[in-house]
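Okay, so the sequence shown: first residue is 921 according to this note's numbering, each after it adds one.
Cβ atoms here follow ideal geometry from the backbone N, Cα and C, with glycine treated the same way.
Small disclaimer: the values here were computed from a predicted structure and weren't measured.
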Amino acid sequence: MVKAVKYTCAFVGILFKIFPYSLALTSKYSYRGQPQNTWKELALLHDLQHISLLLLELHVFGRCHFPIFLILKLGKSSLAFVLSTVLSVTSQTFAGQRCDCSEHDMPKDRTISRLRGELHRFQEQIRKSEATKQPQKQPAKPTIFVITPTYARLVQKAELTRLSQTFLHVPQLHWIVVEDSPHKTPLVTDLMVKSGLTYTHLHMPTAKDRKLLENGNSPPQGDPSWLKPRGVEQRNEGLRWLREDRRAHPGGDNQQGVVYFADDDNTYSLQIFDEMRSTQRVSVWPVGLVGGMKYERPVVEGGKVVRFHTGWRPSRPFPMDMAGFALSLKLVLANPEACFDGDAPMGFLESSFLQGLVTMDELEPKADNCSKVLVWHTRTEKPKMKREEALQAQGLGSDHGVEV
Ligand code: UGA
Ligand code: MN
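(1) Return yes when at least one heavy atom of the ligand UGA lies under 8 Å from the C-beta of M1266, else no.
(2) State yes or no: is the beta carbon of Q1092 nearer than 9 Å to at least one beta carbon in chain B?
(3) When the distance is taken between beta carbons, is I1096 closer than 9 Å to F1065?
(4) Hey, how far is the Cα of D1319 from the Cα of R1307?
(5) Mapping the DSSP letters down to three states, classify G982 as helix, strand or coil.
(6) Considering only heavy atoms of the ligand UGA, does any lie closer than 8 Å to the CB of K1077?
(7) Could you tell me which residues DSSP puts in a beta bridge with G1208?
(8) What are the boundary residues of the beta strand (DSSP E) that P1069 is part of?
(9) Measure the beta-carbon distance from S1271 to T1199 and round it to whole angstroms, keeping in mind my assumption that it falls under 8 Å.
(10) Where does K1286 sit, in a helix, a strand or coil, going by DSSP?
(11) Using 8 Å as the Cβ pair cut-off and three pairs as the minimum, do the region 1183 to 1199 and the region 1061 to 1081 touch?
(12) Taking its Cβ as the centre, do 16 or more other Cβ atoms sit within 10 Å of T1126, making it buried, or is it exposed?
(13) So, using beta-carbon positions, are V1207 and A1254 closer together than 9 Å?
(14) Pair every Cβ in the region 1295 to 1315 with every Cβ in the region 1218 to 1237, then say whether three or more of these pairs are closer than 8 Å.
(15) Could you pull the start and end residues of the alpha helix (DSSP H) that F1273 belongs to?
(16) Under the criterion of a Cβ to heavy atom distance below 8 Å, does L1294 qualify as lining the ligand UGA?
(17) Tell me the residue span of the beta strand (DSSP E) that contains G1177.
(18) Using three-state DSSP, classify W1161 as helix, strand or coil.
(19) Quick one, are the C-beta atoms of V1179 and L1269 less than 9 Å apart?
(20) Pull the bridge partners of R1130 from the DSSP assignment, please.
(21) Quick check: what's the CA-CA separation for S1049 versus T1031?
(22) Indicate whether E1195 and A1287 have their beta-carbon atoms separated by less than 9 Å.
(23) Within this structure, are the beta carbons of M1124 and E1157 separated by less than 9 Å?
(24) Could you check the C-alpha separation between G1315 and S1101 for me, to the nearest Å?
(25) Can you name, in chain order, every residue of its own chain whose Cβ lies under 8 Å from the Cβ of T1298, other than the five neighbours on each side?
(26) Distance check for Q1043 and F1273, CA to CA, integer angstroms please.
(27) Grab me the residues of P1256's own chain with a C-beta within less than 7 Å of its C-beta, minus the 5 sequence neighbours each way, in chain order.
(28) What does a CB cutoff of less than 7 Å around G1116 pick up in its chain, not counting 5 residues either side in sequence?
(29) When every heavy atom of the ligand UGA is checked, does at least one fall within less than 8 Å of the C-beta of L1269?
(30) What three-state label does DSSP hand S1011 in the structure shown?
(31) Would E1309 pass as a contact of G1321 if the rule is Cβ separation under 9 Å?
(32) Return the first residue and the last residue of the beta strand (DSSP E) that T1120 is part of.
(33) Is the beta carbon of A1258 sitting closer than 9 Å to the one on L1107?
(34) In the DSSP assignment, the alpha helix (DSSP H) including F1238 goes from what residue to what residue?
(35) Can you check which of these residues, I1067, P1091 and V1204, is closest to L1080 by C-alpha distance?
(36) Are there 16 or more other CB atoms within 10 angstroms of the CB of G1177, so buried, or fewer, so exposed?
As structure tokens, then:
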């Protein structure tokens, strides 16, 4: 009986000695959220046990035959003291160390761990629900065919760069660029190639007799050095290519699409392309900074265009700027003769094209019933070259090899 008590005491003594270390190891590697002073607490606990239980062990192992104490008994009893002291010193050393597992450090880290777990669960749920979903077929957006006349001048590259970079943000856009030139120029060719857009590059020179009119009449709109409207042959060439190209494709006539005439110097909001994409026949909207006004626009009543807000000849059939309307590809294909009349009087160019295609009643108002300006008839100032010319006279002009 006495023996059994002694054995039990010895066994419990050993357990108590081992316990702090095993607890410490477990907490270090697998416990979550242990306070950082774990090691200190364990060391203190160990010291108390060390004093009380060492005495008990020493008393017991002198007589018992428990294997570990046999080893100690074979040596000197002081070996037990040495062993215990080593254990104590080790635990003290650990107590001085900060737990290197940063997740144990702060309560906020516990929150982060918990939230991470929740996030992971939600992500899994989403992944599973998406995997079970049937892929939905989006109806293809109608392509917007943008026809842009352009001509060589100092600001051409700047204008086309700005325009192309706007178009890059518009999905399903096909840019038809028509150079007012007897041939395609390297500047435009290179710009188109590098633009990243779907494009067609064409050229069509303006007839000489229609171009510059030195000190000519000053028409009410546009450049005073011009008598006739600009960009006419180029837009018509764009329309010709479009009709021919669509016919070449099977089912070309039925293709959903929108046609828009975008001059190279205007400013286009991305929203205007969203607005025009749903065009059934001819859609219309306001144009800012045009015709000597803050804006021109169709006036909408009861969802219909009833007249036009314009400062000049409101009696024109369609007193609108080129930037203020788009038409469906179907309408363009169904009316193969429809084109711009280069001989139309100034301000009647848009009307010359639209009057055979649509009536005012049929116009589809966009941009919140024509209450929002989403395109601006901006015009770029002609750069002054006085200094360049002065330097050129001295043979010190800018390098011709640098494309501007
Ligand atoms: C206004 C209208 O906004 C134009 O749509 C219209 O063609 C023009 O008047 C007109 O009827 O003359 P505005 O700013 O005065 O526009 O004209 P520009 O922007 O100088 O020219 C319109 C387009 O034609 C531009 O894309 C321009 O690059 C092009 N253009 C101009 C040529 O292709 N060749 C030229 O010699 C001049
Ligand atoms: Mn312009």
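If we stick to the structure as given:
(1) Set against 8 Å, the gap from the CB of M1266 to the closest heavy atom of the ligand UGA is smaller.
(2) Looking at the structure shown, chain B is missing, and only one protein chain is on hand.
(3) For the 9 Å CB-CB criterion, F1065 and I1096 form a contact.
(4) Pairing D1319 with R1307, the inter-Cα distance amounts to about 14 Å.
(5) In this prediction, G982 scores a pLDDT of 48, lower than 50, which makes its location untrustworthy; the coordinate-derived value is nonetheless stated afterwards. If DSSP states are grouped into helix, strand and coil, G982 belongs with coil.
(6) It does not: the Cβ of K1077 is nowhere closer than 8 Å to a heavy atom of the ligand UGA.
(7) The partner list for G1208 (beta bridge, DSSP) reads Y1215 and W1296.
(8) Under the DSSP assignment, P1069 falls in the beta strand (DSSP E) whose first and last residues are T1063 to T1070.
(9) About 19 Å separates the two Cβ atoms, so there is no contact after all.
(10) Three-state DSSP puts K1286 in coil, outside helix and strand.
(11) Contact between the region 1183 to 1199 and the region 1061 to 1081 is present, because at least three Cβ pairs lie under 8 Å.
(12) Burial state of T1126 is buried, judged by a 10 Å Cβ sphere holding 16 or more other Cβ atoms.
(13) Not a contact, by the Cβ cut-off of 9 Å.
(14) No, the region 1295 to 1315 does not touch the region 1218 to 1237.
(15) Annotation for F1273: the continuous alpha helix (DSSP H) segment containing it runs L1269 to L1274.
(16) No - the ligand UGA has no heavy atom lying nearer than 8 Å to the Cβ of L1294.
(17) Per DSSP, G1177 belongs to the beta strand (DSSP E) from G1177 to F1181.
(18) Secondary structure of W1161 (DSSP, three-state): helix.
(19) For the pair V1179 and L1269, the CB atoms are not nearer than the 9 Å cut-off.
(20) Beta-bridge pairing links R1130 to no other residue.
(21) Answer to the nearest angstrom: the Cα atoms are 27 Å apart.
(22) A distance below 9 Å separates the beta carbons of E1195 and A1287.
(23) It is a contact, given that the beta carbons lie within the stated cut-off.
(24) Cα to Cα, G1315 sits roughly 29 Å from S1101.
(25) For T1298, same chain residues with a beta-carbon under 8 Å away, outside a window of 5 residues either side, are D1185, N1186, T1187 and L1209 in chain order.
(26) Distance between the alpha carbons of F1273 and Q1043: 56 Å.
(27) Excluding five sequence positions before and after P1256, the CB atoms of its chain that fall closer than 7 Å to its own CB belong to R1163, given in chain order.
(28) If we look at G1116 and ignore the five residues flanking it on each side, its Cβ neighbours are L1088.
(29) With a threshold of 8 Å, the Cβ atom of L1269 counts as near the ligand UGA, since some heavy atom of the ligand is closer than that.
(30) At S1011 the pLDDT is 48, less than 50, meaning the model places this residue with poor confidence and gives no usable figure here.
(31) At a Cβ-Cβ threshold of 9 Å, E1309 and G1321 do not count as neighbours.
(32) Per DSSP, the continuous beta strand (DSSP E) segment holding T1120 begins and ends at T1118 to H1123.
(33) Against a cut-off of 9 Å, the Cβ pair of L1107 and A1258 comes out as no contact.
(34) F1238 -> no alpha helix (DSSP H), and no H or E assigned at all.
(35) Nearest option by C-alpha distance: I1067.
(36) Under this definition G1177 is a buried residue.
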